[in-house]
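Input: a single structure, listed below in structure tokens.
Residue numbers (the numbering used here): 212 to 650.
Listed below in structure tokens is the structure:
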């Protein structure tokens, strides 16, 4: 096989892969969107897409023959934090650790598609994006496709953002009614939904190559803009950040049950970077009570850890008593909070109500020592990073949306993160992607 780096122009590469993908989309549409079930046809398209993309893309067909074109990400040297940060940070980025094993994963090359007013969890070039979908409905539809299918997780989307930054590339997208806000001559093909003279959505992959995450015909398109994308394995509850270990949200915890409001799978992150029981599951401090070393309590809205075995009394009341620091240590969990003037990262609930608050992700600050996991999970900016994207937070239970939408303008970007909507949110600005981790 010839090297695409030496033998082809970018235009030739794009034409070769897009011609095959467009043929696949046309066949699917011609069949009434009911699926492509012929095993030989499936095999032929998979082979053609893998050859045309030099192995970077593939296509999967679920049990109903519904196709999804996918981008492959492997646990190689470029998945290691030392490469992504260009320093000596140890370890592999968490998207590649699924249920305790290093694994490749696949993300939809395009957003999940919508055709003729009907929602389908497929991923094909040229479709209108899926929208008007709640978190629970999006997740249920995607996992119903079969083993290995899941919502893209915060861990996966953070890897893509880190890879963009490592390569010095900021992808564009439909962030200004069909155009890219920062380059209005960059346009996608309008999907037909519009208000007055303004188009909302563009067809998946119809923008320039600069709208793919790596600027090539083989990357993930529309990561930025078009619609906000529901994201798994991340939520906040009254500002407390909750997630799952590693990328288990794409593995055994990819289920609807694991992501439910009252799921015991959700874990908070303490100030040392450990995954722990969220505040709502921690017992309140009580006087005249025997506490063992390492016991955890909540008191006056703050989480504490016992240093020694002791019986509580007024002198050692955590945070209050004259000698409390001899038997307790403040051990809060990571929260987004509002101090009356700005959004910040801290170790306790503060200031959030039903009002949406926001900050440029690159400008987010903290009043605590930030554990490394917060940076690795895309919850806090690396000191040397430059990022496009806004962070939005609000009180209550809030699920994650990423990337911005068609009118996101300067607030949209690979680091855009909304933790300010509930799981029942459904609108023309909210859609979904899909991912696959193997059978």
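For glycine and all other residues, C-beta sits at the position ideal for the given N, C-alpha and C.
Less than 8 angstroms separates the beta-carbon of residue 499 from that of residue 523. Excluding its 5 nearest sequence neighbours in each direction, residue 573 has C-beta neighbours in its own chain below 6 angstroms: 592, 598, listed in chain order. Inclusion of residue 648 and residue 361 in the CB contact set at 8 angstroms is warranted, their separation being smaller than that value.
Within a 10 Å sphere around the beta-carbon of residue 514 sit 16 or more other beta-carbons, which makes this residue buried. Sixteen is the threshold: since fewer than 16 other Cβ atoms of the shown chains lie within 10 Å of the Cβ of residue 251, the residue is exposed. The stretch 440-448 and the stretch 638-646 touch, with three or more beta-carbon pairs separated by less than 8 angstroms.
DSSP, reduced to helix, strand and coil, places residue 236 within a helical segment of the structure shown.
Runs of the beta strand (DSSP E) lying entirely within the stretch 296-365, each at least 3 residues long, are 316-319, 324-326 in chain order. Going by C-alpha positions, residue 359 is about 22 angstroms away from residue 634. Under a 10 Å Cβ-count criterion, residue 606 is classified as buried, with 16 or more other Cβ atoms of the shown protein chains found around its own Cβ. The alpha-carbon separation between residue 608 and residue 548 amounts to approximately 14 angstroms. If you keep only unbroken beta strand (DSSP E) runs of at least 3 residues inside the stretch 601-628, you get 601-604, 608-613. Straight-line measurement puts the Cα of residue 324 at about 30 angstroms from the Cα of residue 473.
Residue 634 sits in coil when the DSSP states are folded into three classes, being neither helix nor strand. Shown here for residue 274: same chain residues with a beta carbon closer than 6 angstroms to its own, the five before and five after excluded, namely 357 in chain order. Straight-line measurement puts the Cα of residue 332 at about 13 angstroms from the Cα of residue 343. Around the beta carbon of residue 627, a 10 Å sphere encloses 16 or more other beta carbons of the protein chains shown; the residue is thus reported as buried. Between residue 415 and residue 322, the gap from beta carbon to beta carbon is short of 8 angstroms. In the DSSP assignment, residue 279 is bridged to 271, 334. Within the stretch 391-427, the runs of beta strand (DSSP E) that reach at least 3 residues and sit entirely inside it are, in chain order, 394-398.
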